[in-house]
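Participant: At position 134 of the sequence shown the residue is numbered 134 (full-length UniProt numbering), and the sequence of numbers has no breaks.
The beta carbon of each residue, even a glycine, is placed where N, CA and C say it ideally should be.
This is the structure I have questions about; it appears just below.
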Amino acid sequence: MKIRSTSDEFGIFIEDLDLRTIPDTDFPALRSAIIQSGVGVIRDQLLTPADLVSFAERFGKVEYGVRGEFQHPDNPDVYVISNIVEDGKPLGNPNDGFAWHTDLSFLEHPTAFTFLYAVETPTSGGNTEFASAALAYDRLPAARKPELDGMLVCHSYKRLHTTRKNARALTEEELRRMPDVIHPMVRTHPDTGRRALYLGPNTSVPIGMTDEAGLALMDELMEFTVDPAYRYVHVWKPGDLVVWDNRTMVHRATEYDKINERRLMHRTTVKGERPV
């Protein structure tokens, strides 16, 4: 196993590794490197849904997807992102992830790690952009940090869902499983102690602020975090696996030609701790 840095402020390439056979002796170094860098890129893998879940389970408890209609038919722990339609049925969700966010921040114990594996990729577009919310916190003016350190933010799946085009109504079970939750604006990483802005989707609102003022603040902080000078852009190839730490990173997908191109991605996530 070889590890080398990207040319950006964060992120690593992990090479000479078959994730299906990685020995236990190498795993702690792999996990630590991904946590320290925020994003790990592992190319040239050949992973079934079961392989993907098996690797993710080494990082912690795999989460069942929020939206059951897009689970992989062979493994419900794998969420499918795709524009492909076969026999009139979508293989996956074609519309998720095009705005900056951190995964599943609307859960009481949000996602720690996300594992995204490329099965089919378009000839252009459909990339994933990453930015470090820990680096953003480091870059903030010192006078700004005390104000943000004390803030709490409401993360609401219900509110996020209502912004989606052609969204079906949530079931009572989905609403029960995903009530609104409160998380700190700035969280501390449990392994490294590093502080990071914790920015959910663009519907999260700080407690005690009006929607207008709160959303404006969240937009300001996200814009600061995702400054193009501080991004890593991953251009996908089939067989790529990217693992990232949602406790320090935000990300988004870029658009592509959904009419003439095909994109098929498998994703699984590992449950984290309650942010503090």
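Ignore the nearest five residues each way along the sequence and tell me which others in N240's own chain have a CB closer than 6 Å to its CB.
Facilitator: Residue 240 sits at position 240 when you count from the first residue of the sequence shown. Reading off the sequence, residue 240 comes out as Asp, not Asn. Excluding positions up to five away in sequence, the list reads R43 and A118.
Participant: I'd like the list of long-range same chain contacts for I14, defined as Cβ closer than 6 Å, with 5 residues on each side in sequence excluded.
Facilitator: Working through the sequence shown from its first residue, we reach residue 14 at position 14. Within the same chain, I14 has close Cβ partners I3, G40 and I42.
Participant: Which stretch, first to last residue, makes up the alpha helix (DSSP H) that contains M218?
Facilitator: The residue you call residue 218 lines up with position 218 of the sequence shown. Its alpha helix (DSSP H) spans residues D211 to T225.
Participant: Decide yes or no for the touch test of the region 256-275 against the region 68-78: beta carbon pairs closer than 8 Å, at least 3 of them.
Facilitator: Contact holds: three or more Cβ-Cβ distances are below 8 Å.
Participant: Helix or strand or just coil, what does DSSP make of I84?
Facilitator: As a position in the sequence shown, residue 84 is number 84, starting the count at 1. Coil, per DSSP.
Participant: Which residue comes first and which comes last in the alpha helix (DSSP H) that contains R177?
Facilitator: As a first step, residue 177 must be located in the sequence shown, where it is residue number 177. E172 to R177 is the extent of the alpha helix (DSSP H) around R177.
Participant: Throw me the rounded Cβ distance for the D257 and P76 pair, which I believe falls under 8 Å.
Facilitator: As a working note, residue 257 is residue 257 in the sequence shown. As a working note, residue 76 is residue 76 in the sequence shown. Actually they do not touch by this definition, with Cβ atoms about 30 Å apart.
Participant: Please list the terminal residues of the continuous beta strand (DSSP E) segment that includes Y137.
Facilitator: Within the sequence shown, the letter at position 137 stands for residue 137. No beta strand (DSSP E) holds Y137; the alpha helix (DSSP H) holding it covers A133 to R139.
Participant: Which stretch, first to last residue, makes up the alpha helix (DSSP H) that contains R247?
Facilitator: Residue mapping note: residue 247 aligns to position 247 of the sequence shown, counting from 1. Taken as a continuous stretch (DSSP letters only), R247 belongs to no alpha helix (DSSP H), as it is neither H nor E.
Participant: Buried or exposed, going by whether 16 or more other CB atoms sit within 10 Å of the CB of S105?
Facilitator: Residue mapping note: residue 105 aligns to position 105 of the sequence shown, counting from 1. Buried.
Participant: I'd like to know whether the C-beta atoms of K271 and A112 end up nearer to each other than 8 Å.
Facilitator: For the purposes of this step, residue 271 is taken as residue 271 along the sequence shown, with counting starting at 1. For the purposes of this step, residue 112 is taken as residue 112 along the sequence shown, with counting starting at 1. Result yes, Cβ atoms of K271 and A112 sit closer than 8 Å.
Participant: Tell me the start and end of each unbroken alpha helix (DSSP H) in the region 10-87 that is at least 4 residues and wholly inside, in chain order.
Facilitator: Runs of the alpha helix (DSSP H) inside the region 10-87: 27-37 and 49-57.
Participant: Specify the secondary structure class of A169 as computed by DSSP and reduced to three states.
Facilitator: One-based indexing of the sequence shown puts residue 169 at position 169. Correct three-state label for A169: coil.
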